[in-house]
Structure formats: C-alpha cells, structure tokens
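**Student:** Before we start, here is the structure in question, set down as structure tokens.
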Amino acid sequence: MAGLDDDTPIPTALTLHRKSRVLEIAFGEDRQYALPFEFLRVYSPSAEVRGHGVGQETLQVGKRDVELLDIEPVGHYAVKLVFSDGHDSGLYSWDYLHMLATQHETLWQQYLERLAAAGASRDPADNPPPAPTHGCGHKH
1027 MAGLDDDTPI PTALTLHRKS RVLEIAFGED RQYALPFEFL RVYSPSAEVR
1077 GHGVGQETLQ VGKRDVELLD IEPVGHYAVK LVFSDGHDSG LYSWDYLHML
1127 ATQHETLWQQ YLERLAAAGA SRDPADNPPP APTHGCGHKH
C-alpha cells in the first residue's frame, strides 16, 4: 500500500448511501465520485483479492448484492471497509481510493470482461460454491 506524500489527494468527505449502494467520495469541492459497493468489493486491495503478486489475483464473483456495512478510519491515510459478505481485510489508502475513483469506468469494464471470460456472474445464485480446499479429498 502506498503511503501519503505531498501528491496524495486526501478525501474531504466520505458519504455512505445505503439505498443506492454507493460510497460518495469528495476530493475537494469540485471532484466528487460515486463508487458502487460492488465495485469497491471486487477491487479490494486485500491480499485475498489481489494476491501477493502479478497473476495471483482472485476473480470476485457473485458480489452484485454486497452491502457496505461500515467504514473504519485507519490512521490519517486509509479506511477499512466492512462488507456484508464478511470481507473486511482491505485497507483503502487515500491514493488507492483516488485511483479507483478516477479510473472507475475502465476498471469496471475490465472486471466485466474478466467475468465473461471466466463464464462467471455478478449474481450470487449463478455461481457455484467454491470447492473445499482442505481435507484429504476422500469420502469417509
């Protein structure tokens, strides 16, 4: 996660709109962005989503209905977003939020293309549960 420097834009307001499912972010009076909860969830900066390097990303599926339950401040440089699916491990630094805001359309299109290529869906009911990742693999 990048730290704060003189060029890091700092939000002047974060407004949670539960009914429309968007987080409104203002960077000064003239720059306001509305980021859907689903977008914020699928682009979480957590290792669970991004992995630990290039090619280790995990495509997030079935997140259309995810809710943003809470916004927790982290020092003077980030927030932790708590989602209804239990995800809460990503720290959204001010520079990361600014990047998401300014590149929202491009990033969203890339996400939709990755979903289509994987034959996956934004809808929870259209995605089978993941296979178990522990155990010996034998039925006892």
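Reading the sequence shown from the start, the letters are residues 1027 to 1166 in the numbering used here. For each residue, glycine too, the CB sits at the ideal point set by N, CA and C. All of these numbers come straight from a predicted model, not from anything done at the bench.
1. Excluding sequence positions up to five away, which residues of its chain have a Cβ less than 6 Å from the Cβ of P1035?
2. Among G1112, K1045, A1060, which has the Cα closest to the Cα of Q1129?
3. Output needed for H1043: all residues of its chain with C-beta closer than 7 Å, excluding positions within five of it in sequence on either side, in chain order.
4. What is the DSSP secondary structure of V1108, reduced to helix, strand or coil?
5. Helix, strand or coil for E1098? Go by DSSP, reduced to three states.
6. Based on Cα-Cα distance, which residue from W1120, D1033, E1093 lies nearest to R1067?
7. Please work out which residues of its chain come closer than 6 Å, Cβ to Cβ, to V1108, disregarding the five sequence neighbours upstream and downstream, and give them in chain order.
8. Give me the DSSP bridge partner(s) of I1051.
9. Within 10 angstroms of its Cβ, does P1071 collect 16 or more other Cβ (buried), or is it exposed?
10. Beta strand (DSSP E) containing Y1118: first to last residue?
**Tutor:** From the atom records:
1. Counting only Cβ-Cβ distances below 6 Å, and skipping sequence neighbours, we find F1053, H1124.
2. Of the residues G1112, K1045, A1060, the one whose Cα lies closest to the Cα of Q1129 is A1060.
3. Excluding positions up to five away in sequence, the list reads E1050.
4. In this structure, V1108 counts as strand in the three-state DSSP scheme.
5. Reduced to three states, the DSSP call for E1098 is strand.
6. In terms of Cα proximity to R1067, the closest of W1120, D1033, E1093 is E1093.
7. Closer than 6 Å at the Cβ level, and outside the excluded window around V1108, lie L1095, D1096, D1114.
8. Bridge pairing for I1051: L1040, Y1059 [DSSP].
9. Around the beta-carbon of P1071, 16 or more other beta-carbon atoms lie within 10 Å, marking it buried.
10. Per DSSP, Y1118 is one residue of the beta strand (DSSP E) stretching across 1117 to 1119.
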